[in-house]
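Following: one structure in structure tokens, then a few remarks.
Number of protein chains: 2
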Amino acid sequence: MKKNVYVIGIGPGSRDEMTFRAACVLKECDVIAGYQTYIDLIRDDYPDKEYIITGMTKETDRCRMALERAQQGASVALISSGDAGVYGMAGLIYQLGAAYPDVDITVIPGITAACSGAARLGAPLMNDFCLISLSDLMTPWETIEKRLDCAAAADFVICLYNPGSHKRADYLQKACAIILRHQNGSVPAGLVRHIGRKGEDAAIMTLGELQHVPVDMFTTVFIGNSQTELIDGHMVTPRGYTLL
Amino acid sequence: MKKNVYVIGIGPGSRDEMTFRAACVLKECDVIAGYQTYIDLIRDDYPDKEYIITGMTKETDRCRMALERAQQGASVALISSGDAGVYGMAGLIYQLGAAYPDVDITVIPGITAACSGAARLGAPLMNDFCLISLSDLMTPWETIEKRLDCAAAADFVICLYNPGSHKRADYLQKACAIILRHQNGSVPAGLVRHIGRKGEDAAIMTLGELQHVPVDMFTTVFIGNSQTELIDGHMVTPRGYTLL
């Protein structure tokens with residue numbers, strides 16, 4: 137019998153923005169593994185599954201438990217919100233999977249917050265952009281700082297994941313200060329909280345204003361480039377089409 | 137009656153990797169507008185729709201025709217492959233939509249090639265990354281060059297869209313040369329052609345080797361950073377978890 141772990145991005149949260157492929161694997165699998173918050177988003181749709189649920193910072197344990205159950209013959213779906221390949225579990229499962237050579241790993245992509253959040257704000261990501269996580273739990277702050285500086289210097293649109301938490305209350309402010317070395321304070325910025333979930337909330341402002349806004353780990357931040365403009369209240373980065 | 141244009145990302149191409157929301161709007165709408173190649177991907181599933189089909193470089197005409205039909209009272213779905221908000225039609229429709237104030241615009245995100253291609257290769261996008269289009273049709277080459285240089289200097293993983301065409305046969309080679317100023321030729325790179333469509337094809341190599349590989353506009357390219365490694369033939373950028 138083939139032993140499988142499917143690493144699934146469920147998208148922002150509602151079933152509507154999940155792909156058919158993700159839903160199909162969730163329906164067919166024996167075991168669903170994930171972080172409590174993400175399991176809560178889907179559990180009602182799949183009441184009869186075996187669940188492996190672990191807390192935050194228990195990612196390694198969770199992945200290893202998923203691989204163990206697959207090794208024992210179960211078909212296992214390991215879920216992340218958004219896309220499992222973007223700050224999700226796909227990388228870790230490949231790293232740990234090397235010790236389970238007869239378990240096949242398949243990544244099933246989902247809508248990452250850059251895309252779902254951008255759609256709520258308008259069309260900020262129409263041209264070259266960067267994704268940067270402000271979490272320094274696993275990336276040194278100096279590296280993050282360098283990436284923010286280079287991204288703004290090259291006039292990328294910038295999307296920030298994990299912009300803040302209780303412990304990192306001033307990180308967005310620090311990031312904005314770096315970006316403001318290269319970008320004008322008047323460039324449009326936006327943020328979306330709880331994308332596609334209960335309490336979804338979006339706001340558009342300037343980069344200058346963004347500095348002073350409180351954010352949490354459920355917020356995704358968008359900072360425009362020199363081309364980004366506001367059109368009827370939407371944040372849009374034109375791509376350069378001639379509008380004859 | 138409400139007048140609507142839905143700008144829809146249909147994902148890589150197969151219905152499986154479309155979201156439920158995208159499929160639902162396609163089913164309910166009156167008119168589907170798009171570039172011929174993308175219409176061909178979905179037409180069999182929706183035989184009874186009115187279609188607006190235009191060729192490449194006719195993006196402005198296509199968007200305006202979609203807005204006109206909505207203005208007349210039709211519910212119109214304008215499709216892009218991947219995500220409509222990433223090098224797609226979402227920005228242009230907002231720009232042109234300003235002239236049609238009673239038409240509502242809604243963007244429905246889809247799986248962009250960065251995510252669908254990454255899933256085929258392994259997990260290259262687990263840490264901060266950039267998307268850069270090598271098409272200089274609407275962005276000056278100097279800007280693209282600067283972005284490539286900054287992205288590599290900051291050790292971003294880089295995903296390249298539109299890496300080549302008949303007219304731009306050597307652009308990937310030029311891009312690799314810029315990245316090689318900062319990255320070692322041995323960093324893993326990968327490419328995926330026709331993601332999720334007939335003839336899908338993926339390959340993993342080094343950045344040094346990538347320079348000499350022919351690519352076309354249906355290819356998406358992934359260039360690792362200093363952390364990216366090969367694990368059992370997959371391209372993986374570890375995020376820094378402790379594997380105790």
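Going down the list, the protein sequences come from chains A and B. All residue numbers in the first sequence are consecutive under the numbering used here, ending with 380. All residue numbers in the second sequence are consecutive under the numbering used here, ending with 380. All C-beta atoms, glycine included, are put in the ideal place defined by N, C-alpha and C. None of these values were measured; they are calculated from a predicted model.
Just confirm the distance between the C-beta atoms of residue i and residue j, as a whole number of angstroms; I'd bet it's less than 8 Å.
i	j	result
A220(A)	V243(A)	6 Å
A158(B)	G145(B)	7 Å
I294(A)	I331(A)	Contact flag wrong, Cβ pair sits at about 17 Å.
L284(A)	A254(A)	Going by Cβ atoms, the distance from L284(A) to A254(A) rounds to 19 Å, so no, they are not a contact pair.
G227(B)	A259(A)	4 Å
R247(B)	Y230(A)	In the sequence as presented, Arg is not what sits at residue 247(B); that position holds Ile. 20 Å between Cβ atoms; not a contact.
A290(A)	C286(B)	4 Å
E281(A)	I315(A)	Actually they do not touch by this definition, with Cβ atoms about 11 Å apart.
S252(B)	G147(B)	7 Å
L232(B)	C199(B)	5 Å
I241(A)	V143(A)	7 Å
L296(B)	V357(B)	4 Å
G326(A)	M262(A)	With a Cβ gap of about 14 Å, G326(A) and M262(A) do not count as contacting.
T155(B)	E186(A)	With 8 Å as the limit, T155(B) and E186(A) do not qualify as a contact, their Cβ atoms being about 27 Å apart.
L270(B)	P299(B)	5 Å
L378(A)	T190(B)	The residue you asked about is not Leu; residue 378(A) is Thr in the sequence shown. Actually they do not touch by this definition, with Cβ atoms about 15 Å apart.
V141(A)	A202(A)	5 Å
T355(A)	R329(A)	5 Å
C266(B)	F292(A)	7 Å
S301(B)	D337(B)	Actually they are not in contact, since the Cβ atoms of S301(B) and D337(B) sit about 18 Å apart, beyond 8 Å.
I want to see whether chain B comes within less than 9 Å of residue i, judged by CB atoms only; does it?
i	result
E204(A)	no
K282(A)	yes
M262(A)	yes
A305(A)	no
V378(A)	Note that residue 378(A) is Thr in the sequence shown, not Val. Answer yes: the Cβ-Cβ gap between T378(A) and chain B drops below 9 Å somewhere.
V243(A)	yes
C165(A)	no
R325(A)	Note on identity: in this sequence residue 325(A) is Ala, with Arg being the wrong assignment. No, no contact with chain B.
R333(A)	no
R157(A)	yes
With 9 Å set as the bound, which would you pick, yes or no: does the beta-carbon of residue i sit closer than that to a beta-carbon of chain A?
i	result
C312(B)	no
A339(B)	no
S322(B)	no
T342(B)	no
G258(B)	yes
F354(B)	no
I247(B)	yes
A169(B)	no
T196(B)	yes
M137(B)	In this prediction, M137(B) scores a pLDDT of 49, lower than 50, which makes its location untrustworthy; no coordinate-derived value is stated.
State the beta-bridge partners of residue i as determined by DSSP.
i	result
D337(B)	R329(B)
L366(B)	M371(B)
V239(A)	K139(A)
G170(A)	I189(A)
G149(A)	DSSP lists no partner for G149(A).
V293(A)	F265(A)
L346(A)	L346(A) pairs with nothing; no bridge assigned.
L308(B)	In the DSSP output, where bridge partners are listed per residue, L308(B) has none listed.
I215(B)	I144(B)
P324(A)	T342(A)
A220(A)	For A220(A), which the question treats as bridged, DSSP gives no partner whatsoever.
F156(B)	None, per the DSSP bridge assignment.
G376(A)	Bridge partners of G376(A): none, in fact.
V357(A)	L296(A) and L327(A)
Consider the C-beta atom of residue i and the heavy atoms of the ligand MN; say whether any pair is separated by less than 8 Å.
i	result
S269(B)	Of ligands this structure carries none, so the ligand MN is not represented either.
Legend entry - Interfacial residues, the segment 207–239 of chain B to chain A, with Cβ spacing under 7 Å: Here the close residues are D219, G221, V222, Y223, A226, G227, L228, Y230, Q231, L232 and A234.
Inset, instruction - Mind the definition here: the segment 317–333 of chain B touches the segment 355–368 of chain B only if three or more C-beta pairs lie below 8 Å; say whether that holds. - result: Taking 8 Å as the limit for Cβ pairs, the verdict is that the segment 355–368 of chain B does touch the segment 317–333 of chain B.
Inset, instruction - Output, in sequence order along the chain, the residues in the segment 362–375 of chain A whose CB is closer than 7 Å to any CB in chain B. - result: Residues passing the 7 Å Cβ filter: I367, D368, H370, V372, T373, P374 and R375.
Inset, instruction - Kindly confirm or deny that the segment 266–278 of chain B and the segment 156–176 of chain B touch, where touching means at least three C-beta pairs closer than 8 Å. - result: With a cut-off of 8 Å, the segment 156–176 of chain B and the segment 266–278 of chain B do not count as touching, because too few Cβ pairs lie within range.
Inset, instruction - Could you name the residues of the segment 267–280 of chain A whose beta carbon sits closer than 9 Å to any beta carbon of chain B, in the order they occur along the chain? - result: Within the segment 267–280 of chain A, the residues whose Cβ lies closer than 9 Å to some Cβ of chain B are L267, I268, S269, L273, M274, T275, T279 and I280, listed in chain order.
Inset, instruction - May I ask you to verify whether the segment 191–209 of chain A touches the segment 336–348 of chain B, counting CB pairs closer than 8 Å and requiring at least 3? - result: Contact between the segment 191–209 of chain A and the segment 336–348 of chain B is absent, because fewer than three Cβ pairs lie under 8 Å.
Legend entry - Contact set between the segment 142–154 of chain A and chain B, restricted to residues whose Cβ is under 9 Å from the partner: Listed in sequence order: V143, G145, G147, P148, S150, R151, D152, E153 and M154.
Inset, instruction - Using a Cβ-Cβ cut-off of less than 8 Å, give me the residues of the segment 282–302 of chain A that come near chain B, in sequence order. - result: Per Cβ criterion, the list reads K282, R283, D285, C286, A287, A289, A290, D291 and F292.
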